[in-house]
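Undergrad:
There are 2 protein chains.
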Amino acid sequence: MKTVIVGGVAGGMSAATRLRRLDETAEIVVFERGPYVSYANCGLPYYVGGVISDRSSLLLQTPQSLAARFRLDVRTGHEVISVDPVARAVAVIDVAAGETFVEGYDELILAVGASAREAAGHPGIPTHTLRTVEDVDAIGVLVEAAADHPSALVVGGGFIGLEAVENLVRRGIHVTLIQRSPQILTPLDAEMVAPLEAQLRSRGVDVRTSVTIDAVETGEVLLSDGARVRPDFIIDASGVVPSVDLARSAGLRVGPTGGIAVDSRNRTSDPHIYAVGDGVEKVDALSGQEALVTMAGLANRHGRSVADVIAGHDERNAPALGTAIVTVFDTVAAKVGWSERQLTAAGRAHRAIHTHPSSHATYYPGAQPMSMKLLVDPETDAILGAQIVGGEGVDKRIDVIAVAMAGGITASGLARLELAYAPQFGSAKDPVNQLGYVADNLRSGTTRAIQWHELDAALDAGATLVDVRTTREHAAGAIPGALNIPVDELRERLDELPAGPLVVHCQVGQRGHTAARILSQNGRDVVNLDGGYRTWVAGRRMSSPSPSALHSAAGSE
Amino acid sequence: MKTVIVGGVAGGMSAATRLRRLDETAEIVVFERGPYVSYANCGLPYYVGGVISDRSSLLLQTPQSLAARFRLDVRTGHEVISVDPVARAVAVIDVAAGETFVEGYDELILAVGASAREAAGHPGIPTHTLRTVEDVDAIGVLVEAAADHPSALVVGGGFIGLEAVENLVRRGIHVTLIQRSPQILTPLDAEMVAPLEAQLRSRGVDVRTSVTIDAVETGEVLLSDGARVRPDFIIDASGVVPSVDLARSAGLRVGPTGGIAVDSRNRTSDPHIYAVGDGVEKVDALSGQEALVTMAGLANRHGRSVADVIAGHDERNAPALGTAIVTVFDTVAAKVGWSERQLTAAGRAHRAIHTHPSSHATYYPGAQPMSMKLLVDPETDAILGAQIVGGEGVDKRIDVIAVAMAGGITASGLARLELAYAPQFGSAKDPVNQLGYVADNLRSGTTRAIQWHELDAALDAGATLVDVRTTREHAAGAIPGALNIPVDELRERLDELPAGPLVVHCQVGQRGHTAARILSQNGRDVVNLDGGYRTWVAGRRMSSPSPSALHSAAGSE
Numbered sequence: 001m002k003t004v005i006v007g008g009v010a011g012g013m014s015a016a017t018r019l020r021r022l023d024e025t026a027e028i029v030v031f032e033r034g035p036y037v038s039y040a041n042c043g044l045p046y047y048v049g050g051v052i053s054d055r056s057s058l059l060l061q062t063p064q065s066l067a068a069r070f071r072l073d074v075r076t077g078h079e080v081i082s083v084d085p086v087a088r089a090v091a092v093i094d095v096a097a098g099e100t101f102v103e104g105y106d107e108l109i110l111a112v113g114a115s116a117r118e119a120a121g122h123p124g125i126p127t128h129t130l131r132t133v134e135d136v137d138a139i140g141v142l143v144e145a146a147a148d149h150p151s152a153l154v155v156g157g158g159f160i161g162l163e164a165v166e167n168l169v170r171r172g173i174h175v176t177l178i179q180r181s182p183q184i185l186t187p188l189d190a191e192m193v194a195p196l197e198a199q200l201r202s203r204g205v206d207v208r209t210s211v212t213i214d215a216v217e218t219g220e221v222l223l224s225d226g227a228r229v230r231p232d233f234i235i236d237a238s239g240v241v242p243s244v245d246l247a248r249s250a251g252l253r254v255g256p257t258g259g260i261a262v263d264s265r266n267r268t269s270d271p272h273i274y275a276v277g278d279g280v281e282k283v284d285a286l287s288g289q290e291a292l293v294t295m296a297g298l299a300n301r302h303g304r305s306v307a308d309v310i311a312g313h314d315e316r317n318a319p320a321l322g323t324a325i326v327t328v329f330d331t332v333a334a335k336v337g338w339s340e341r342q343l344t345a346a347g348r349a350h351r352a353i354h355t356h357p358s359s360h361a362t363y364y365p366g367a368q369p370m371s372m373k374l375l376v377d378p379e380t381d382a383i384l385g386a387q388i389v390g391g392e393g394v395d396k397r398i399d400v401i402a403v404a405m406a407g408g409i410t411a412s413g414l415a416r417l418e419l420a421y422a423p424q425f426g427s428a429k430d431p432v433n434q435l436g437y438v439a440d441n442l443r444s445g446t447t448r449a450i451q452w453h454e455l456d457a458a459l460d461a462g463a464t465l466v467d468v469r470t471t472r473e474h475a476a477g478a479i480p481g482a483l484n485i486p487v488d489e490l491r492e493r494l495d496e497l498p499a500g501p502l503v504v505h506c507q508v509g510q511r512g513h514t515a516a517r518i519l520s521q522n523g524r525d526v527v528n529l530d531g532g533y534r535t536w537v538a539g540r541r542m543s544s545p546s547p548s549a550l551h552s553a554a555g556s557e
Numbered sequence: 001m002k003t004v005i006v007g008g009v010a011g012g013m014s015a016a017t018r019l020r021r022l023d024e025t026a027e028i029v030v031f032e033r034g035p036y037v038s039y040a041n042c043g044l045p046y047y048v049g050g051v052i053s054d055r056s057s058l059l060l061q062t063p064q065s066l067a068a069r070f071r072l073d074v075r076t077g078h079e080v081i082s083v084d085p086v087a088r089a090v091a092v093i094d095v096a097a098g099e100t101f102v103e104g105y106d107e108l109i110l111a112v113g114a115s116a117r118e119a120a121g122h123p124g125i126p127t128h129t130l131r132t133v134e135d136v137d138a139i140g141v142l143v144e145a146a147a148d149h150p151s152a153l154v155v156g157g158g159f160i161g162l163e164a165v166e167n168l169v170r171r172g173i174h175v176t177l178i179q180r181s182p183q184i185l186t187p188l189d190a191e192m193v194a195p196l197e198a199q200l201r202s203r204g205v206d207v208r209t210s211v212t213i214d215a216v217e218t219g220e221v222l223l224s225d226g227a228r229v230r231p232d233f234i235i236d237a238s239g240v241v242p243s244v245d246l247a248r249s250a251g252l253r254v255g256p257t258g259g260i261a262v263d264s265r266n267r268t269s270d271p272h273i274y275a276v277g278d279g280v281e282k283v284d285a286l287s288g289q290e291a292l293v294t295m296a297g298l299a300n301r302h303g304r305s306v307a308d309v310i311a312g313h314d315e316r317n318a319p320a321l322g323t324a325i326v327t328v329f330d331t332v333a334a335k336v337g338w339s340e341r342q343l344t345a346a347g348r349a350h351r352a353i354h355t356h357p358s359s360h361a362t363y364y365p366g367a368q369p370m371s372m373k374l375l376v377d378p379e380t381d382a383i384l385g386a387q388i389v390g391g392e393g394v395d396k397r398i399d400v401i402a403v404a405m406a407g408g409i410t411a412s413g414l415a416r417l418e419l420a421y422a423p424q425f426g427s428a429k430d431p432v433n434q435l436g437y438v439a440d441n442l443r444s445g446t447t448r449a450i451q452w453h454e455l456d457a458a459l460d461a462g463a464t465l466v467d468v469r470t471t472r473e474h475a476a477g478a479i480p481g482a483l484n485i486p487v488d489e490l491r492e493r494l495d496e497l498p499a500g501p502l503v504v505h506c507q508v509g510q511r512g513h514t515a516a517r518i519l520s521q522n523g524r525d526v527v528n529l530d531g532g533y534r535t536w537v538a539g540r541r542m543s544s545p546s547p548s549a550l551h552s553a554a555g556s557e
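These protein sequence lines are chains P and Z, in that order.
The UniProt record's numbering puts the last residue of the first sequence at 557; the count rises by one with no breaks.
The UniProt record's numbering puts the last residue of the second sequence at 557; the count rises by one with no breaks.
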């Protein structure tokens, strides 16, 4: 049996090596358009920044090593240009030789990934994506050749764009980052990315949201906000679209998202053609609908599982949660599942919970602040998504929540998770347990909460806002109009509260919860401001027209 | 309603504060024998070592702060000496005043914890446990008063003992660590703790296993192995037993493990007396049987949930997995569920998997080696336990596996977990995913494996051992009698292999798997040595009579 694989990086090479381990006699041919196979694409931005200094460490395998270990026929510099599903054959160009030939197959795996949304050329300014070894080689040359005060324009503040920014800054390059939408890192909600944008600005990055390129004229870029920049080069990280030309040439079905349609065994609409990786639709775990989830982990996993299918095993993909993480200097941001924006757009009922715990016990040195957001189905208590921004321990907590989602553990059930505790690593009640406690209090009606963006409406409707922090905290920065009664004095000062509904808040939400319990048991109609002053400041900063408008208030965080 | 709580640290104080939040009008009295409440007991060893320098940071709350925030009546220096369940009253000594009084209750919560197994006094040598603020104050005085070349004897190499050793070494003290059993940290299996013992020895700690104290004579300790030491002081970390004197005074049922027997609502055999924390039996998640699991997380959680029960909520405990972690200098060790030793002792069928992955992508700087062990039910594919030893990322992986166990995810199912990936944090196929792949290969019969301790029997039965590492690796240290054929040459050198069954091995198990697949498809009867040379060396080192016997072989790891 002969299997031809188009694409020799994550998904394609996982398929090839697994297939060999399952079938010593299979004929396996891998065509890769570029000069390299099985390279570390997730490491490329860090090679640009010099964090990874040894270029060869990016090149995990060569056609020679793959032939020796796995008896694979790997041909780099070979581009597959069309598929004939009836003849079961692909047409291939040997790029160096300039020759075209036809290769037959019994089974075909397309692992061609995605490509830049718009391969826009900009007159007078070199422009590159950051997806291949060739890209980073070219960017490296540009960095070396740049002027005394080099500058770059990065288009797109998603995962790759942010990694590009960080690594260009590491090389001493002044970076302007433009983002079409009103915030960077749109898989996260606005109030969660506030610390990321602050972090970028503190490193001298010129962050411009809701901005696109209007025009490029002889080395100058005119931005839609009227600014003009003269970058030495441009990194296009504006996003990718599935590469479906080959699939279309084969008459394969392309799904509603623009990716190649496959079943849970990664089989396309042709029974002898499979597809994996960024070019392929996945099934979203929450909606059960097709979705584009372009993660290296899924590409690798599906590459392996498609080999199982071809070898006759009954292997099926699980729906995708879309767990992802990015580091921006000292700040780490991670997500799983859906954002509040997605849930709202889909009209799906949800409850949001914000907390601001420490990464580990505060009495042990080095604890770092962390902001967490959990999204919960108010009917079923199911976890719909989570977002975490902080430093140490962000990766652990997002993984814990991702596994809880995979295991069907409810939001309240997070309280019962037995996580490894020593003071270097967490708290006896871990931040994830604490999320569960808050979820449980909301589910049982022990406490009621409103979101930062619901506060104005509540106050407009006549509620009184009570800041239960200390007078010192209140003086250092407060929500306009709040009445300050510290929680420890609340029982004695109940008569100072006006009649009518109350909204209480503290710094992060915990004392507010205690205050809300005191007040509700004293017969008051009270809600707690979820996430406290800290979430409110972050939300307001992001929804304010000028990013610096609330700067003085934010300074007291 | 009046609730009396005996014990004001983890479980007791969680119960008190939660009960107040649920019931503003409840009368809540907390009696604490010692001078402090709600202190950071897990931080105490680090205060000894100077890692935590500010003593006040250990004291999280005071009776005054708890009165102000939660209107609690907290009385330190008050020891409850007996319980009269008929009269619903406790007898209390006010230690300072020397007065005894009786306090009535509607509901009683016992949160008195555990105490040292044997409060052995040693003539001429000060001896302390490490469980309270008073303990660390006393140890601090001893450390300051110690001689020019101070030395200490730590009895017991469990979690607390190891933290004590590390922190005494930090203070420049020479430590002898004795352990009754043949290895330290007995919740882990022998081959997994080899790096911990090596780490301790490399820091100058005199580790003596299978050793007890024979006698103490005027400042000199005679050990059972014949050695004599003259420590300035002794830390007794030989383990704890539940404090059940009060429970017995009340006629409460004490369970088969020696802990107070409670139901899933932490109710004792008396309907108005509850108990939580280290003094109480938990239900083991794997056996469904009573077990002693003395973890701060469970004490805090059950303290909170017992308040829910008393306030009328339907709250029940989940069975306990016993997730735990400890740091020993640069090495972190963690476990969840059962060890292989426990499974074997219980006659429970199991399959062991050893891997040695990197904490994150090796092309990104700073990746650290990690050893993982997964224990799997061969019938159901359920995860029975896991152990991880390494540095960075150990805490994350043990938490991920603990949550998978809680969510009923199978061992093979670990392969499908979507964990957050960027090269700083893991690999596209995370070490936990890799465990799942190995489990899946074993479950499906794609590969067969034997354990390090099964190798001798296989060779005695006539199998040939084949080392598929490079000739260079083989030359640097090998299992005696192994035939060396590198995996990349195996297909061409099949005729060099003698007839009969084969055992293949590599360094960590991965190339061995590929080799086993090649050989089995060539008609050979072959098994892979699980965990490769590295696990074999660790296991042999621990089972060898002299710890240094295999030192030269181990050096090549």
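Built from N, CA and C at the ideal position, the CB exists for glycine as well.
Owing to the predicted nature of the structure, the values given are computational and were not obtained by experimental measurement.
In the DSSP assignment, the beta strand (DSSP E) including residue 565/Z goes from what residue to what residue?
TA: Because chain Z here runs from 1 to 557, residue 565/Z falls outside it and cannot be looked at.
Undergrad: Put Y363/Z into one of helix, strand or coil per three-state DSSP.
TA: coil
Undergrad: Entirely within the region 59-130 of chain P and at least 4 residues each: give me those alpha helix (DSSP H) ranges in chain order.
TA: 63-70
Undergrad: Please list, in chain order, all residues of the same chain as V326/P whose beta carbon is under 6 Å from its beta carbon, the five residues on each side excluded.
TA: Taking V326/P as the centre and dropping the five residues before and after it, the same chain places the C-beta of F159, L162 and A333 closer than 6 Å to its C-beta, in chain order.
Undergrad: Strictly under 8 Å for the Cβ-Cβ distance: is R517/Z near chain P by that measure?
TA: True, the Cβ-Cβ gap to chain P drops below 8 Å.
Undergrad: Closer than 8 Å between beta carbons: that is the criterion. Which residues of the region 283-314 of chain Z meet it against chain P?
TA: Those would be M295, A296, G297, L298, A299, N300, R301, R304 and H313, in chain order.
Undergrad: Where G512/Z and N167/P are concerned, what is the direct C-alpha to C-alpha distance, given to the nearest angstrom?
TA: 38 Å
Undergrad: At which residues does the beta strand (DSSP E) containing K429/P begin and terminate?
TA: Premise fails: K429/P is in no beta strand (DSSP E) and is neither H nor E.
Undergrad: State the DSSP-derived secondary structure class of H505/P, mapped to helix, strand or coil.
TA: The answer is strand: DSSP assigns H505/P an E or B state.
Undergrad: Does A361/Z come within less than 8 Å of chain P when only Cβ atoms are used?
TA: yes
Undergrad: CB-CB under 7 Å to A307/P, same chain, minus the five flanking residues each way: which ones, in chain order?
TA: Within the same chain, A307/P has close Cβ partners A15, R18, L19 and L22.
Undergrad: Given a threshold of 16 other Cβ atoms within 10 Å of its Cβ, counted over all protein chains shown, does G481/P qualify as buried or as exposed?
TA: exposed
Undergrad: I'd like to know if A549/P contacts chain Z, where contact means its C-beta is closer than 8 Å to some C-beta of that chain.
TA: Confidence is the limiting factor: at A549/P the pLDDT is only 35, short of 50, which leaves the residue's position unreliable, though a coordinate-based value still follows. No, A549/P lies away from the interface with chain Z (no Cβ there is under 8 Å from its Cβ).
Undergrad: For the region 79-89 of chain Z against the region 388-397 of chain P, are there 3 or more C-beta pairs whose distance is under 8 Å?
TA: no
Undergrad: Cβ atoms of R208/P and A227/P: under 8 Å apart, would you say?
TA: yes
Undergrad: DSSP three-state label for T514/P, please.
TA: helix
Undergrad: With a 10 Å radius around its C-beta and 16 neighbouring C-beta atoms as the bar for buried, classify E107/Z as buried or exposed.
TA: Using a 10 angstroms sphere on the CB of E107/Z, the tally of other CB atoms reaches 16 or more, which defines it as buried.
Undergrad: Cβ of D284/P within 8 Å of Cβ of P256/P?
TA: no
Undergrad: Quick one: does F425/P have its CB under 8 Å from some CB of chain Z?
TA: yes
Undergrad: Measuring only between beta-carbons, confirm whether S412/P sits less than 8 Å from chain Z.
TA: no
Undergrad: Output yes if chain Z places a C-beta closer than 8 Å to the C-beta of Q521/P; else output no.
TA: True, the Cβ-Cβ gap to chain Z drops below 8 Å.
Undergrad: Please list the residues of the region 148-175 of chain P that have a C-beta atom closer than 7 Å to any C-beta atom in chain Z, keeping them in chain order.
TA: none
Undergrad: Exposed or buried, which one is A549/Z when buried takes at least 16 other CB atoms within 10 Å?
TA: For A549/Z, the predicted structure reports a pLDDT of 35, less than 50, and the residue's modelled location is therefore unreliable. A value from the coordinates is still provided. For A549/Z, the number of other beta carbons within 10 angstroms of its own is below 16, and it is reported as exposed.
Undergrad: Can the beta-carbon of D381/P be found closer than 8 Å to that of R443/P?
TA: Result yes, Cβ atoms of D381/P and R443/P sit closer than 8 Å.
Undergrad: Which runs of the beta strand (DSSP E) spanning at least 3 residues fall entirely within the region 184-241 of chain P, listed in chain order?
TA: 206-209, 213-217, 220-223 and 233-236
Undergrad: From G539/P to S543/Z, what does the alpha carbon distance come to, in whole angstroms?
TA: 59 Å
Undergrad: Does I52/Z have its Cβ less than 8 Å from a Cβ in chain P?
TA: Chain P has a Cβ within less than 8 Å of the Cβ of I52/Z.
Undergrad: Looking at the structure shown, is R416/P part of a helix, part of a strand, or coil, going by DSSP?
TA: helix
Undergrad: Assign I398/Z to one of three DSSP states: helix, strand, or coil.
TA: helix
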